[in-house]
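Protein sequences, first through last, are from chains A and B.
Numbered continuously in my numbering, the first sequence closes out at residue 296.
Numbered continuously in my numbering, the second sequence closes out at residue 1296.
Glycine included, each C-beta is placed from N, C-alpha and C at the ideal position.
These numbers were taken from a predicted model, which means no experiment stands behind them.
Take a look at the structure below.
2 protein chains.
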Amino acid sequence: MSVDVKTLIHEGAELTDRALEALIPSAETVPNSIHGAMRHSTFAGGKRLRPVLAMQAAATIAGSVPRGIENLGAALEMLHTYSLIHDDLPALDNDDLRRGKPTCHVAFGEAIAILAGDALQTRAFEVLAGLECPPASTVKIIGLIANAVGTVDGMIGGQVLDIESEGKKPTPELVEAIHRAKTGALIRVSVVAGGVFAGATDEDVARLDTFGRKAGLAFQIVDDVLDMTVDSAQLGKTAGKDLATEKATWPAVYGIEQSERDAAALIEEAFAALAPYGSRADGLKSVAQYLVERKN
Amino acid sequence: MSVDVKTLIHEGAELTDRALEALIPSAETVPNSIHGAMRHSTFAGGKRLRPVLAMQAAATIAGSVPRGIENLGAALEMLHTYSLIHDDLPALDNDDLRRGKPTCHVAFGEAIAILAGDALQTRAFEVLAGLECPPASTVKIIGLIANAVGTVDGMIGGQVLDIESEGKKPTPELVEAIHRAKTGALIRVSVVAGGVFAGATDEDVARLDTFGRKAGLAFQIVDDVLDMTVDSAQLGKTAGKDLATEKATWPAVYGIEQSERDAAALIEEAFAALAPYGSRADGLKSVAQYLVERKN
């Protein structure tokens, strides 16, 4: 592939950051504490992978990254950030550190952290309602994204399965269900929503959906492996935590070597779904390849 | 007014309950705990006032209650319920009882209560994306509602102002800002969104917005007065709590008698905004009148 993937990711992340900067009220806007908290967690060094995937999926359909898609990317990142803030709360994972910085409730207190997560979800849907695309596409994108962050095979559902499974021996079915829902669904819908923004047909949507489903699972397997093999400093969070709390992870069921083979095979299958687009899918494929080969 | 207001409210609430029953996954749907928790709080005896206001606002514009508006009502009620679940959490108001029943975190634990609130917000936007009205109206409704439950003069912003003001002496400006945002914004947008669903013009929207703003403030003043004058059994929640925690309330600033006069004057002003609709607004006006005259 001829695409310089680091440039693609860097430029997509910059575009997303500028959109987030414009879309989240400043910390000087009343009431201050909530806007400070929203910004603390949104600008905590996230890689903006979901926005970049949405942009490259859109480029696969439209031939180039369409104008205005950075707001879709920003909304996806707000939803991702909201889920991290609530996951880190004392009543859930009780994490003090995220990407090497104090988590939202450590910095702002539990009440404001709960409300900052709530508000990031709300703001995401408000931003989606303002997307510069035909109203029918906007409505479709909102419906798909809400479904992907919901309880039935969506992000919250995966979080609940994860909580319910702690301390139990993980089965292959359970691990796949958690991964598909907890992190997979938002990645998958990032790809699909990017396509819809760019005018994807139903056939395009089906292909992007296959790609997003398989690539999303591959990314999560790689995450699980990294959690077991990389130390905390490199990872920017507490390493080995999944094992310590008996979380249902892919390597816990299949071992590290098989997990690495599974991730590679899933990426190949994901790429096959994009064959009809030829070189127009190079950007999307290179980002996915980069994500499964990363070392932290 | 010739409209039997109790019948109007009862029928609107029944319509809303049937929609909520169909739209929230059953407690047997995996993962069970979250759906059980969402249902526990959604079906806890709420009066469905926001849906009823949306329906009667729509009838003011369209001449009768339009088909499909019960899903808009259900979404409004999901948002209201999500805010109650999160308000009741130990880190916020720490309430064990709501409408005479255990609050969500008491019944299901704190983690599931946080996620149930999250999921009700998500499901509300998913339901709105599926409304049976033109896509441009749907997009407008979603944008208005997201704004009304957000941080800038919206529901979450009011909640944060309320938290930040505890223990401080309430000023008239602060009390009005909290009321306008915390409870007023969702009531106001219920009226406006009902109108948009029914095809309201910009002029209609402006009138309904004035009505909703004034009536919403009047309802909240009545709530504050009832909190000080009615005992817990009648109220279904812990009475006098606002005073005990030095919450910024209307009677705390103006006294009970002035508060009652203010509520009555606001309702008169709200009605004036509906004058152009003549008897078509009777349903909406009768519901508002009922709400300021209620005794619990």
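Rounded to the nearest angstrom, how far is the Cβ of residue i from that of residue j, given a contact under 8 Å?
i: glutamine 220 of chain A; j: glycine 184 of chain A; result: 6 Å
i: isoleucine 1085 of chain B; j: glycine 1045 of chain B; result: No, isoleucine 1085 of chain B and glycine 1045 of chain B are not in contact; Cβ-Cβ is about 14 Å, not under 8 Å.
i: leucine 266 of chain A; j: arginine 50 of chain A; result: Their Cβ separation, rounded to whole angstroms, is 18 Å, which puts leucine 266 of chain A and arginine 50 of chain A out of contact at 8 Å.
i: glycine 212 of chain A; j: arginine 188 of chain A; result: 4 Å
i: aspartate 153 of chain A; j: alanine 181 of chain A; result: 5 Å
i: alanine 13 of chain A; j: valine 52 of chain A; result: 7 Å
i: alanine 1272 of chain B; j: glycine 143 of chain A; result: With a Cβ gap of about 39 Å, alanine 1272 of chain B and glycine 143 of chain A do not count as contacting.
What residue from the options has the CA that sits closest to residue i's CA?
i: valine 1106 of chain B; options: B/His1040, B/Gly1216, B/Val1065 and B/Tyr1082; result: B/His1040
i: threonine 1122 of chain B; options: A/Met155, A/Gly100 and A/Arg99; result: A/Met155
i: serine 1165 of chain B; options: A/Lys6, A/Ala13, A/Val30 and A/Thr81; result: A/Val30
i: proline 25 of chain A; options: A/Leu76, A/Glu126 and A/Leu97; result: A/Glu126
i: threonine 60 of chain A; options: A/Pro172, A/Leu291, A/Pro276 and A/Pro102; result: A/Pro276
i: alanine 1120 of chain B; options: B/Thr1229, B/Ala1013, B/Ile1034 and B/Leu1291; result: According to the sequence shown, residue 1120 of chain B is leucine rather than alanine. That would be B/Ile1034, whose Cα lies nearest to the Cα of leucine 1120 of chain B.
i: leucine 1163 of chain B; options: B/Val1205, B/Tyr1082, B/Ala1263 and B/Leu1092; result: A quick correction: the sequence has isoleucine, not leucine, at residue 1163 of chain B. Cα-wise, what sits closest to isoleucine 1163 of chain B is B/Leu1092.
i: threonine 103 of chain A; options: A/Glu269, A/Glu11, A/Ala37 and A/Trp250; result: A/Ala37
i: valine 292 of chain A; options: A/Val253, A/Asp282 and A/Asp223; result: A/Asp223
i: asparagine 32 of chain A; options: A/Leu72, A/Asp4, A/Thr7 and A/Phe108; result: A/Phe108
i: lysine 140 of chain A; options: A/Ser64, A/Ala177, A/Gly199 and A/Ala111; result: A/Gly199
i: histidine 179 of chain A; options: A/Ala264, A/Ile114 and A/Leu161; result: A/Leu161
i: isoleucine 1112 of chain B; options: A/Asp87, A/Leu128, A/Glu110 and A/Arg294; result: A/Asp87
i: arginine 1048 of chain B; options: B/Ala1062, B/Gly1063, B/Ser1064 and B/Lys1006; result: B/Lys1006
i: arginine 18 of chain A; options: A/Val52, A/Glu70 and A/Glu28; result: A/Glu70
i: cysteine 133 of chain A; options: A/Tyr82, A/Gly194, A/Arg280 and A/Pro90; result: A/Gly194
i: valine 225 of chain A; options: A/Lys247, A/Glu11, A/Leu131 and A/Ile114; result: A/Lys247
i: threonine 1151 of chain B; options: A/Lys285, A/Arg99, A/Leu217 and A/Glu28; result: A/Glu28
i: glycine 100 of chain A; options: A/Phe43, A/Ala281 and A/Met78; result: A/Phe43
i: serine 137 of chain A; options: A/Glu268, A/Val196 and A/Ala264; result: A/Val196
i: proline 172 of chain A; options: A/Leu274, A/Tyr254 and A/Gly216; result: A/Tyr254
i: glutamate 21 of chain A; options: A/Met78, A/Ala54 and A/Leu8; result: A/Met78
i: arginine 1067 of chain B; options: B/Asp1209, B/Leu1131 and B/Leu1089; result: B/Leu1131
i: alanine 57 of chain A; options: A/Thr210, A/Leu217, A/Gln258 and A/Ala146; result: A/Thr210
In chain A, which residues lie less than 7 Å from residue i when you measure between Cβ atoms?
i: aspartate 1147 of chain B; result: Aspartate is not the amino acid found at residue 1147 of chain B; the sequence shown has asparagine there. Ordered by position in chain A, the residues that pass the 7 Å Cβ test against asparagine 1147 of chain B are Glu126.
i: leucine 1035 of chain B; result: The question names leucine, yet the displayed sequence has histidine at residue 1035 of chain B. Within chain A, the residues near histidine 1035 of chain B are Thr151.
i: isoleucine 1085 of chain B; result: Per Cβ cutoff of 7 Å: no residues; isoleucine 1085 of chain B is ~10 Å from chain A at best.
Can you tell me which of the three DSSP states residue i falls into?
i: methionine 1001 of chain B; result: Residue confidence is low: methionine 1001 of chain B scores 47 on pLDDT, short of 50, so the model does not pin down where it sits. No coordinate-derived value is stated.
i: proline 1025 of chain B; result: coil
i: cysteine 133 of chain A; result: coil
i: valine 292 of chain A; result: helix
i: proline 1031 of chain B; result: coil
i: glycine 117 of chain A; result: helix
i: threonine 1210 of chain B; result: helix
i: lysine 1047 of chain B; result: coil
i: valine 1152 of chain B; result: coil
i: glycine 1157 of chain B; result: helix
i: leucine 1144 of chain B; result: helix
i: alanine 19 of chain A; result: helix
i: lysine 1285 of chain B; result: helix
i: lysine 1247 of chain B; result: coil
i: alanine 1273 of chain B; result: coil
i: valine 1230 of chain B; result: coil
i: glycine 216 of chain A; result: helix
i: alanine 1263 of chain B; result: helix
i: glycine 1255 of chain B; result: coil
i: glycine 1109 of chain B; result: coil
i: threonine 7 of chain A; result: helix
i: threonine 103 of chain A; result: coil
Could you list which residues in chain B have their beta carbon closer than 7 Å to that of residue i, in chain order?
i: glycine 130 of chain A; result: Gly1143
i: valine 139 of chain A; result: Ala1129, Pro1135, Thr1138 and Val1139
Anything in chain A within Cβ reach of residue i, meaning under 8 Å, just list it in chain order.
i: proline 1031 of chain B; result: Thr151, Gly157, Val160, Leu161 and Glu164
i: arginine 1067 of chain B; result: Within 8 Å Cβ-Cβ: nothing; arginine 1067 of chain B doesn't reach chain A, min ~19 Å.
i: isoleucine 1187 of chain B; result: None at all; the shortest Cβ gap to chain A is about 17 Å.
Name the chain B residues that come within less than 9 Å of residue i, Cβ to Cβ?
i: valine 253 of chain A; result: Here the premise fails: no neighbours, minimum Cβ distance about 19 Å.
i: arginine 50 of chain A; result: Going along chain B, no residue has its Cβ under 9 Å from arginine 50 of chain A, so there is no contact; the nearest lies around 16 Å.
Under 9 Å Cβ-Cβ, which residues of chain A neighbour residue i?
i: glutamate 1110 of chain B; result: Leu89, Pro90, Ala91 and Leu92
i: alanine 1248 of chain B; result: Within 9 Å Cβ-Cβ: nothing; alanine 1248 of chain B doesn't reach chain A, min ~13 Å.
Going along chain B, which residues have a C-beta under 8 Å from residue i?
i: threonine 171 of chain A; result: Residues of chain B passing the Cβ test: none, with the nearest at roughly 14 Å.
i: glutamine 121 of chain A; result: Asp1118, Gln1121 and Thr1122
i: proline 25 of chain A; result: Thr1151 and Val1152
i: asparagine 114 of chain A; result: Per the sequence shown, residue 114 of chain A should be read as isoleucine rather than asparagine. Ordered by position in chain B, the residues that pass the 8 Å Cβ test against isoleucine 114 of chain A are His1086, Leu1089, Ala1091, Leu1092 and Ile1114.
In the region 1165 to 1200 of chain B, which residue ranges form an unbroken alpha helix (DSSP H) of at least 4 residues, counting only runs that do not cross its ends?
Qualifying alpha helix (DSSP H) stretches, in chain order: 1172 to 1179 and 1185 to 1197.
Beta strand (DSSP E) segments (min. 3 residues) lying fully within the region 54 to 101 of chain A:
Under the rule that a run must span 3 or more residues, no beta strand (DSSP E) segment is found entirely inside the region 54 to 101 of chain A.
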